[in-house]
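K.L.:
Numbering (the working numbering), first residue to last: 2 to 133. No residue lacks a Cβ here, since even glycine has one placed at the ideal position from N, Cα and C. Have a look at this one before I ask anything.
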């Protein structure tokens, strides 16, 4: 009977270790998961820096004529924060986690409006006032 209690107690201890601190606690992570934990922490740090940058460079300006300036600003901010270069594609992939980037892309109508040229001429009344 004593053997059963020891066996049950030992099984319970193993279960607690498996379901308790050793499995779920980041401070007692298994050595095999150490690299994945550091990757997760660096990923969280990257996302936090991106969100900080979005305070300066609002994502709403990613739509329209300021798009490239805002994207460049985000690239520079992240580059300074992590002491490495970020490409526009990397920044857009990060943004895609928080925003629907497809919605931020400019429409063909916007491009047509921006590229539309009209001849400008002053009204004739302007010249009449000047002559008097």
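Residues in its own chain within less than 6 Å of residue 75 by CB, not counting five upstream and five downstream?
P.N.:
Taking the first residue of the chain shown as position 1, residue 75 is located at position 74. Here the set comprises 54, 58 and 92.
K.L.:
Rounded to whole angstroms, what is the Cα-Cα separation between residue 83 and residue 117?
P.N.:
Along the chain shown, one-based indexing puts residue 83 at 82. Along the chain shown, one-based indexing puts residue 117 at 116. Spanning the two alpha carbons is a distance of roughly 41 Å.
K.L.:
Give me the Cβ distance between residue 48 and residue 95, rounded to the nearest whole Å; I'm assuming they're in contact under 8 Å.
P.N.:
For the purposes of this step, residue 48 is taken as residue 47 along the chain shown, with counting starting at 1. For the purposes of this step, residue 95 is taken as residue 94 along the chain shown, with counting starting at 1. That pair is a contact at about 7 Å.
K.L.:
Is it right to say residue 71 is buried, meaning 16 or more other beta carbons lie within 10 angstroms of its own, or is it exposed?
P.N.:
Within the chain shown, numbered from 1, the residue matching residue 71 stands at position 70. That one is buried.
K.L.:
Excluding five sequence neighbours on each side, which residues of the same chain lie with their C-beta closer than 6 Å to the C-beta of residue 46?
P.N.:
If you number the chain shown from 1, residue 46 lands on position 45. Here the set comprises nothing.
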